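Under UniProt numbering, the sequence shown has 94 at position 94, and the numbering climbs by one with no breaks.
Taking it in order: structure first as structure tokens, then the write-up.
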Amino acid sequence: MRKLANSELDRKSVDDFKKAEKTPIIIILDDIRSLHNIGSVFRTCDAFLIEKIYLCGITATPPNKEIHKTALGATDTVTWEYQKDVLEVISSLKSEDTEVWAIEQVEKSVFLNDFAPEKNKKYALVFGNEVKGVSQKAVQLCNGTIEIPQLGTKHSLNISVSTGIVVWDIFQKLQH
1 MRKLANSELD RKSVDDFKKA EKTPIIIILD DIRSLHNIGS VFRTCDAFLI EKIYLCGITA
61 TPPNKEIHKT ALGATDTVTW EYQKDVLEVI SSLKSEDTEV WAIEQVEKSV FLNDFAPEKN
121 KKYALVFGNE VKGVSQKAVQ LCNGTIEIPQ LGTKHSLNIS VSTGIVVWDI FQKLQH
């Protein structure tokens, strides 16, 4: 086995990325404090051709040196928009027939492994603050909630890790 060089990976150019058909997933980041988490989410969204990221509340926006450290240029490829009020974003997306799901631990949440996305629908996924999670008002406005099953002693995962897990799971379910 030989490790591949970057030149052998056949990656898209920025122009090719922008023209490519996107995965019908939108990411909504609400009140994310860590600039590294934001950058990491951009990079994950680039990897899976995610349609768009909404940055809401106190979530910082590019250009930003600390976001760039982990995004590694993904802020140039992934479409993003800043909106102050996450509730307005959720309402607007729902009015456009986008299914909006909070990633949170709540009563009657659907475990990620049981979530079955429909191929002809667009999904928006709401990820909340590192300490407080997705706000109750946002949860109530969503179509539902998805929970990542966890078996250890901790009750949460880092927001960028959660994004990677959920995006990968839904991406691969939509592909098959």
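Backbone N, C-alpha and C define an ideal beta-carbon position, used for all residues, glycine too.
Predicted model, so just to flag it, every value in this text is computed and none were measured.
Listed in chain order, the beta strand (DSSP E) runs fully inside the UniProt domain "tRNA/rRNA methyltransferase SpoU type" (25-167) are 50-56, 80-83, 98-103, 122-127, 144-147, counting runs of at least 3 residues. A contact is defined here as three or more CB-CB pairs under 8 Å, and the stretch 21-35 fails this definition with respect to the stretch 1-12.
D10 and K121 have their C-alpha atoms roughly 29 Å apart. Around the CB of F127, 16 or more other CB atoms lie within 10 Å, so the residue is classed as buried.
The straight-line gap separating the alpha-carbon atoms of K137 and L87 is approximately 8 Å.
Around the beta-carbon of A124, 16 or more other beta-carbon atoms lie within 10 Å, marking it buried.
Taking 8 Å as the upper bound for CB-CB distance, E96 and T79 are not in contact here, some 15 Å apart. Contact between F48 and V167 holds, with the beta-carbon distance rounding to 5 Å and staying under 8 Å.
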